[in-house]
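Down below is the structure, laid out as structure tokens.
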DNA sequence: ATAGAAATAGCAATGCATTGCTATAAATTC
DNA sequence: GAATTTATAGCAATGCATTGCTATTTCTAT
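Residue numbers (the numbering used here), protein chains in the order written: chain E, 329 to 501; chain D, 329 to 501.
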């Protein structure tokens, strides 16, 4: 049973093979990002996951009032239990503080402290160097293209969630 | 202060922002891959990392004689200690066995058992479905493009390793 | 006011991933 | 033959990430 067209369409095996390599590269890239990224900010006592949280809280629109746990979970797409541990470490180090939400008595907002802001500003230099080195082989256009494809991949992977219909897309400013 | 050219060249801030979003999407995609991928093979009692090891050992060229720890570390790009724990779990479940290397008395080769091969064949169906669903929004050409970009990203991230000069690239057949 | 939903906190377990250290056995090199 | 390197194993610690469960406080809807 041959394909009808001579243009050599991808077989199921071909498709599986490409997808397999794709996700394997995702797995390897993620591990390397965490390993070498953590090394890049090791001098500050931080890790990649902590820098993700700090980066979320440092955004201009939320820097003043912080974010509550629900917002951070939606933004970072991690579990509540995982996030709580990271927030506890950041709080213990004095980089963030938990304040009561003025509007909602149940909620507590995590906000950068003065110390946290200072550390973050220093870390930004190391993070910038890390980005530059890791993406040295990519042009600006390619970086944008890769970002957009990873964004779609994230959406494709997120759509597989059974219950999580609240996959709201917070802005990223 | 306006840009000199009307073509709006990328500023340093633009470059940082794109890189920042790119790695954030990598972080999110990886988390989702592990979470939903593990759900996809949960019925078999497996996880994504275990399926990566099984997939490595199931390749035609190594299926008969297996791989030793050093080869697996180079292939999967994980630490020795992490791999040992995963291999122990697979061995305890009877999916792999550790045999003595005929050529090198120090080395032990991890090889799929008959049971492991049977489970892997079943898992392949679930994995194929997972791939299809996660990449439903991508054409064949886009999947190939994304794979190639992730491959380069992996290389860029791997080049940041201080000591690891043995970043040999094993084939993937 | 009462019931239900939502936001947080905590306990417990499993698995992944890293680093650092030591020890043993076998191969290689000199 | 002796010294070094290589491959594996084990112990210990830290951090990330998930799931499942319960409890408390507060807000909202009836």
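Where is the CB? At the ideal position from N, CA and C, for every residue including glycine.
Remember, predicted model here, so these are calculated numbers, not experimental data.
Residue i versus the options, residue with shortest Cα-Cα distance
i, options, result
"residue 397 of chain E", "E:353, E:369, E:376 and E:428", "E:428"
"residue 488 of chain E", "D:412, D:463, D:420 and D:487", "D:463"
"residue 439 of chain D", "D:419, D:379 and D:475", "D:419"
"residue 561 of chain D", "E:399, E:401, E:452 and E:477", "Nothing about residue 561 of chain D can be read from this structure; chain D reaches only from 329 to 501."
"residue 376 of chain D", "D:475, D:466, D:421 and D:414", "D:414"
"residue 339 of chain D", "E:482, E:481, E:469 and E:477", "E:469"
"residue 393 of chain D", "D:360, D:405 and D:441", "D:441"
"residue 379 of chain E", "E:467, E:472, E:450 and E:481", "E:450"
"residue 445 of chain D", "D:349, D:408 and D:388", "D:388"
"residue 349 of chain D", "E:372, E:408, E:403 and E:353", "E:403"
"residue 405 of chain E", "D:411, D:476, D:475 and D:353", "D:353"
Nearest-angstrom Cβ-Cβ length linking residue i and residue j, presumed shorter than 8 Å
i, j, result
"residue 381 of chain D", "residue 454 of chain D", "Wrong, their Cβ atoms sit about 16 Å apart, outside the cutoff."
"residue 426 of chain E", "residue 436 of chain E", "5 Å"
"residue 447 of chain D", "residue 385 of chain D", "Their Cβ separation, rounded to whole angstroms, is 12 Å, which puts residue 447 of chain D and residue 385 of chain D out of contact at 8 Å."
"residue 443 of chain E", "residue 456 of chain E", "In fact, because the Cβ distance is near 21 Å, the residues do not count as touching under 8 Å."
"residue 347 of chain D", "residue 459 of chain E", "4 Å"
"residue 482 of chain D", "residue 360 of chain E", "6 Å"
Residues that DSSP places opposite residue i in a beta bridge
i, result
"residue 424 of chain D", "D:440"
"residue 395 of chain E", "E:438"
CA-to-CA distance, residue j to residue i, given in whole angstroms
i, j, result
"residue 351 of chain D", "residue 431 of chain D", "43 Å"
"residue 479 of chain E", "residue 434 of chain D", "46 Å"
"residue 345 of chain D", "residue 390 of chain D", "43 Å"
"residue 395 of chain E", "residue 466 of chain D", "34 Å"
"residue 358 of chain E", "residue 358 of chain D", "6 Å"
"residue 407 of chain D", "residue 371 of chain E", "22 Å"
"residue 401 of chain D", "residue 475 of chain D", "21 Å"
"residue 471 of chain D", "residue 383 of chain D", "20 Å"
"residue 373 of chain D", "residue 412 of chain D", "18 Å"
"residue 410 of chain D", "residue 399 of chain D", "14 Å"
"residue 495 of chain E", "residue 461 of chain D", "Legend: pLDDT at residue 495 of chain E = 41, less than 50; position of this residue unreliable, no value from coordinates given."
"residue 477 of chain E", "residue 343 of chain D", "17 Å"
(request) Determine, using beta-carbon pairs with one atom in the stretch 356-366 of chain D and one in the stretch 468-486 of chain E, whether at least three such pairs fall under 8 Å. (result) yes
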